[in-house]
Amino acid sequence: MITVGIVEDDKDIRIGIQKYLTHQKDLLCEITGESVEEFLARSKGMEFPDVILSDIGLPGMSGIDGMKLIKEEHPETDIIMLTVYNDWQKIFDSLRAGASGYLVKNTPLAEIKKAIETVRAGGSVMSPEIARKVMEHFNTAASLQAQKTRPESVLTPKEKEIVVGLVDGLSYKMLADRMSISIDTIRFHIKNIYKKLQVNSKAEVISKSLRGEI
28 MITVGIVEDD KDIRIGIQKY LTHQKDLLCE ITGESVEEFL ARSKGMEFPD VILSDIGLPG
88 MSGIDGMKLI KEEHPETDII MLTVYNDWQK IFDSLRAGAS GYLVKNTPLA EIKKAIETVR
148 AGGSVMSPEI ARKVMEHFNT AASLQAQKTR PESVLTPKEK EIVVGLVDGL SYKMLADRMS
208 ISIDTIRFHI KNIYKKLQVN SKAEVISKSL RGEI
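Mapping the sequence shown onto our numbering, position 202 (from 1) lands on 229, and the numbers just tick up by one.
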């Protein structure tokens, strides 16, 4: 059973998503709030959700600041940003803060359900239009970086292949299958990647890759 929380100030959207998820097999959505502060207050004394769907523009604390706070206390919780914002800075700030996914609000409910299952399995999700913006920014950053003198990457070819898989949203199992190695070997390489890049999460690795720093 995957438990889901919702932080959304639009009551109709919040209730609509909650009702849909509640009727899905293996999903449970009990804690919701119109702000980060309300959500956290309601979560006290309850089992904290596995996945949280959060807007960015909220009354009080922003969804991005709220995500940072939540990830500090509950690092195992996956957070998917569900918002109307589709500008690069918001996307980048969300990924840097630890978001496992970024969806626009017109995403069909069935796709939201699939996204929840994907991030819980270790993957990442983005709406197609968001993915396009990320790729456009990545291509621009890569082009600018190519014009500069840069030191040789500290990553091995196999580690680079794993980073590409992380950017593509692959889970550890999917990476292991693609590369024909064990999940334990993937975890070993991931630890080395974190150490070499001086990061602590997949989101930071992805952010560095998108900025052309790998």
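No residue lacks a Cβ here, since even glycine has one placed at the ideal position from N, Cα and C.
Endpoints, the beta strand (DSSP E) within which ILE33 is located: Counted from its first residue, the sequence shown places residue 33 at position 6. Residues 29 to 34.
According to the neighbour-count rule (16 or more other Cβ atoms, all chains shown, within 10 Å of its Cβ), is GLY84 buried or exposed? Start at 1 with the first residue of the sequence shown, and residue 84 comes out as number 57. Result: exposed.
Less than 8 Å between C-beta atoms, sequence neighbours within five positions excluded: which residues of the same chain meet that for SER70? Within the sequence shown, residue 70 is the residue found at index 43, counting from 1. For SER70, where only same-chain residues beyond five positions count, the Cβ hits under 8 Å are GLY32, ILE58, PRO76.
The alpha helix (DSSP H) that contains LEU54, what's its start and end? The count along the sequence shown starts at 1 and reaches residue 54 at position 27. That residue, LEU54, is in no alpha helix (DSSP H); its beta strand (DSSP E) goes 54 to 60.
Find the nearest neighbour of GLY90 within the set GLU61, PHE215, ALA142, GLU74, judged by alpha-carbon distance. As a working mapping, residue 90 is identified with position 63 in the sequence shown. Taking only the C-alpha atoms, the option nearest GLY90 is GLU61.
ALA137 and VAL152 look like a contact to me (Cβ under 8 Å); what is the Cβ gap, rounded to whole Å? Sequence index remark: in the sequence shown, residue 137 carries index 110 (1-based). Sequence index remark: in the sequence shown, residue 152 carries index 125 (1-based). Contact between ALA137 and VAL152 does not hold, since their C-beta atoms are separated by about 13 Å, which reaches or exceeds 8 Å.
Close Cβ partners of ILE233 (< 7 Å) along its chain, the five nearest in sequence each way excluded: Within the sequence shown, numbered from 1, the residue matching residue 233 stands at position 206. Here the set comprises LEU122, LEU193, VAL194.
Could you tell me whether the Cβ atoms of ILE107 and ILE139 are closer together than 9 Å? Taking the first residue of the sequence shown as 1, we reach residue 107 at position 80. Taking the first residue of the sequence shown as 1, we reach residue 139 at position 112. Cβ atoms of ILE107 and ILE139: closer than 9 Å.
For a test of the three-state rule: what should DSSP assign to MET153, helix, strand or coil? Mapped onto the sequence shown, residue 153 falls at position 126. DSSP places MET153 in strand when its eight states are reduced to three.
So, with DSSP's three-state summary, where would you put ILE107? Taking the first residue of the sequence shown as 1, we reach residue 107 at position 80. It is a strand residue.
What do you reckon, are the CB atoms on LEU197 and LEU224 nearer than 9 Å? Numbered from 1 along the sequence shown, position 170 holds the residue referred to as residue 197. Numbered from 1 along the sequence shown, position 197 holds the residue referred to as residue 224. When the beta-carbon positions are compared, LEU197 and LEU224 stay at least 9 Å from each other.
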